[in-house]
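In this text, residue positions in the sequence shown follow the numbering used here: the first is 242, and each later residue adds one.
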Amino acid sequence: MRPSIARVALPVPLDKQFDYVVPPHLFPIIGGRVSVPFGRQTLVGIVTALVNESDFPREQLKPIKAVLDTQPMWPDPLFGLLQWCSQFYQHPLGDTLANAMPTLLRKGKEANFAALREWRLTEIGRNQLMVGFDKRAVQQARLMYRLENEPVSHQTLVEEEFSSATLKAVEKKGWIEMQERQPKIKAWPKHIEADVDKPKLNQEQAVAIASVNSQPGFGCYLLQGVTGSGKTEVYLNMIKPVLDKGRQALVLVPEIGLTPQTINRFKRRFNVPVSVIHSGLNDTERLNAWLSARDKAAGIVIGTRSALLTPFADLGIIIVDEEHDASYKQQDSLRYHARDVAVMRAAKENIPIILGSATPALETLHNALTGKYHHLQLTQRAGLSTPTTNHVLDVKGLYLESGLSAPLIAQMRRHLQAGNQVLLFLNRRGFSPALMCHECGWIADCQRCDAYYTYHQNSHEMRCHHCGSQRPVIHQCQSCGSTHLVTVGVGTEQLENQLAELFPEYKTIRIDRDSTRRKGSLESALTAIRNGEYKILIGTQMLAKGHHFPDVTMVALLDVDGSLYSSDFRAAERFAQLFTQVAGRAGRASKPGEVYLQTHHPEHALLQALLTKDYNHFAQSALAERKLAMLPPYTFLTLLRAEANNSQQVEDFLRQVRHTLESNPIFDDTCLVLGPTPAPLAKRAGKFRWQLLIQTQTRSMMQKWLISARPAINMLPIANKIRWTLDIEPQDLS
Ligand code: ADP
Ligand code: ZN
Ligand code: ZN
């Protein structure tokens, strides 16, 4: 007899699944979507089981409305992995599965390629591109150059703030036309590798490639190679035999690393379709990219974190580039770490996985040093670059002009006069991190958070970087009424102004989240930098990742003291990675690079280790410290955060949670609960925040303990007044 009840995981924040009656004319499948009534709404969910029994009386069950798929959303291993994720990260299954689907599928759309409406240049348009454009028609020219290399979808252009008036005007001139493109599944060509110049591999590269290519099945490899050592070349050589066998490759990159340059290296090398998945895609593009992996229309999929959960017809290898990057950890909803889940996925699919980095995460390095991962090393720079020289500038007692010391300004002048580019790092956007009354010391603070407003001069606003609230700049102290308000501290906006004054003859560009909000603007900025249009580059850590600027010969870190004395135990590791990555951005053989560090603590052990030795040295001493302090990777942490309008209530709740955890039968002397303590940001968006830190000596212990204690936590009488979340293996403790 056919099962009469379908168990469905729905995208609701409840830790359970729901039973529905299967009407005789419908044929749901496990892992496929159905639409079902839920309260007054209709929701799309995934069938997780077909059964004959329910805990509820059958007459209370509602029938399924429609069956949306005839094949499962995910192949078995991936469906299994998603269920594992839900368990491991303690996140409801329905929401976990919804997370792994493109928006259109979540909304119930058919799982088939959707037509793309694109604009492309006409022949007349191409000719006009040679001739050039009227100086006044700035937008029209911008549009034409945007379409120069490839057609662009209508939705993307709209998102990039091309107006329909511009599109219409240019269409009327006959320069562009609209096309509807039905993405097609192309057969892969016989010759997978394109006819391009390939560098002759050095010995370390050859060894790394051979180690992976000679071992079939699962294996996890850390490819540790200094910046510029030719890691990408190694990836390409590992992907080739996979494609030759007709299998597919998945390449994960950090959020900011996904530039046209990266994508082009893969596209140029292989004659197989390459799909790109990142947060900037529109819904149709995202669905098509997802389908191209599932239906094997793509040989290579390159994407950021979320691409990991894409189904593949025949996945043969996973590469995680810059595996130490913090953007691999999702900070809300399903708080998964894409690198860690990628390793699980590779194991489940029985394929190799390569974690590449110049500055591996301490967790990863630990796994390599203990033999759990294979350790492949590239110690020499490939090609033509040379290492940089590092300098510390002791700024104690020096006058800082918007954060710049006189010796630093002098060095900048020297590099600029030689015709080179200079890159300045300052990890604080806005004009200044606070606005203060000069008479009484009052500081403008966000009413909803335990934080000061950042002053943004360009937009004439004060913004809270924690809750996003903003208000017009005040001109009077709210405590004493004085109109003498002064800025405290330096942000990138202020630095930009100061540099325009100090170096009026050199063009400056600022790269941070404010200046690159518009889609495509980061890419065009990076191109302009590479073309030498700008001589001084100011950036937050956005600029430290994955970009190489050969004409930059000087890099300066303006304010590093915060990372040396942070309460987050990962701050030192983050700083060491930033420093090493940044140092790797600069210079080539003909133009060696210099790195300058402004600090009040030149003697700090961490700085000394980095400056006089290297990342590996730092990492080894940091690992020794972590071991002594019983911190990851030697123990496992979970951060339980709770918030509510009433501070006392949150604290009480966490006391009860702690008691619940400690009286659980699984609890033993290898388990530890710390807290409750106020969160580092004790109030955010009007809510008071407290936290517990939960520690175990093994992963499996953490799992067992949390799963066992959760029901009791949920039953605590005040639990429903409190918003609480679990962050398993948190990356950010702030
Ligand atoms: P990484 O990813 O490690 O920073 P890349 O793969 O980008 O390094 O390589 C840096 C540069 O060196 C690239 O221009 C690349 O083409 C070149 N390169 C890589 N391997 C070799 C090699 N064996 N011989 C010469 N040049 C190489
Ligand atoms: Zn706020
Ligand atoms: Zn005042």
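Glycine is no exception: its CB is placed at the ideal position from the N, C-alpha and C atoms.
Exposure of residue i, with buried meaning 16 or more beta-carbon neighbours within 10 Å
i: Met314; result: buried
i: His578; result: buried
i: Asp573; result: exposed
i: Gly834; result: buried
i: Met371; result: exposed
i: His519; result: buried
i: Tyr386; result: exposed
i: Thr525; result: buried
i: Ile777; result: buried
i: Met479; result: buried
i: Pro917; result: buried
i: Thr853; result: exposed
i: Ala685; result: buried
i: Leu763; result: buried
i: Met956; result: exposed
i: Ser808; result: exposed
i: Ser533; result: buried
8 Å Cβ cutoff met for residue i and residue j
i: Pro333; j: Asp436; result: no
i: Asp485; j: Ile433; result: yes
i: Arg758; j: Glu402; result: no
i: Ala339; j: Pro252; result: yes
i: Ala539; j: Pro514; result: yes
i: Leu291; j: Pro244; result: yes
i: Thr840; j: Val801; result: yes
i: Leu838; j: Leu798; result: yes
i: His679; j: His607; result: no
i: Thr344; j: Arg527; result: yes
i: Val285; j: Ile270; result: no
i: Val275; j: Ile246; result: no
i: Gly671; j: Gly612; result: no
i: Tyr330; j: Lys303; result: no
i: Trp360; j: Leu398; result: yes
i: His701; j: Cys690; result: no
i: Cys461; j: Ile594; result: yes
i: Ile935; j: Leu851; result: no
Nearest-angstrom Cα separation, counted from residue j out to residue i
i: His858; j: His632; result: 18 Å
i: Ala239; j: Ala870; result: This structure leaves residue 239 out entirely; the chain is present only between 242 and 975.
i: Asn529; j: Thr283; result: 25 Å
i: Arg712; j: Leu477; result: 50 Å
i: Arg669; j: Leu819; result: 15 Å
i: Arg751; j: Gly780; result: 6 Å
i: Lys945; j: Ile907; result: 7 Å
i: Thr937; j: Cys326; result: 19 Å
i: Trp683; j: Gly280; result: 51 Å
i: Thr473; j: Gln444; result: 15 Å
i: Glu364; j: Ala382; result: 16 Å
i: Leu977; j: Ser765; result: A query on residue 977 cannot be resolved here, the shown segment of the chain reaching from 242 to 975 and no further.
i: Leu974; j: Val263; result: 46 Å
i: Val898; j: Pro482; result: 52 Å
i: Ala323; j: Phe553; result: For clarity, residue 323 is Leu in the given sequence; the question names Ala instead. Going from the Cα of Leu323 to the Cα of Phe553 covers about 14 Å.
i: Pro355; j: Ile558; result: In the sequence under discussion, the amino acid at residue 355 is Ala, which differs from the Pro named in the question. If I take the Cα positions, the gap works out to 28 Å.
i: Tyr640; j: Gln782; result: 25 Å
i: Asn353; j: Arg535; result: 11 Å
i: Val636; j: Ala883; result: 41 Å
i: Ser295; j: Arg248; result: 9 Å
i: Lys868; j: Leu610; result: 14 Å
Cβ-heavy atom distance, residue i to ligand 5, below 7 Å
i: Thr468; result: No copy of ligand 5 appears in this structure; the ligands present are ligand 1, ligand 2 and ligand 3.
If we require 3 or more residues per run, which beta strand (DSSP E) segments fall completely within the segment 408-469? 417-422 and 460-466
Segment contact flag, the segment 788-796 with the segment 652-671, C-beta cutoff 8 Å, min 3 pairs: yes
Return the chain-ordered ranges of every beta strand (DSSP E) run that is complete within the segment 471-552 and spans a minimum of 3 residues. 489-493, 515-518 and 541-544
Ignoring anything shorter than 3 residues or poking outside the segment 294-354, list the beta strand (DSSP E) runs there in chain order. none
Are the segment 815-829 and the segment 590-610 touching, with three or more C-beta to C-beta distances below 8 Å? yes
Entirely within the segment 856-941 and at least 4 residues each: give me those alpha helix (DSSP H) ranges in chain order. 856-869 and 888-903
Is there contact here, the segment 724-742 with the segment 635-652, by at least three beta-carbon pairs under 8 Å? yes
Entirely within the segment 726-789 and at least 4 residues each: give me those alpha helix (DSSP H) ranges in chain order. 733-743 and 762-771
Cβ contact check for the segment 881-894 and the segment 916-930: 3 or more pairs under 8 Å: yes
Say whether the segment 892-906 touches the segment 863-877, bearing in mind that this needs 3 or more beta-carbon pairs closer than 8 Å, one atom from each stretch. no
With three or more C-beta pairs closer than 8 Å as the rule, is the segment 458-476 touching the segment 610-621? yes
Whole runs of the beta strand (DSSP E) within the segment 596-681, excluding any shorter than 3 residues: 615-619, 630-635, 662-666 and 675-678
Is it the case that the segment 490-497 contacts the segment 559-571, given that we only count it when at least three CB pairs across the two stretches are under 8 Å? yes
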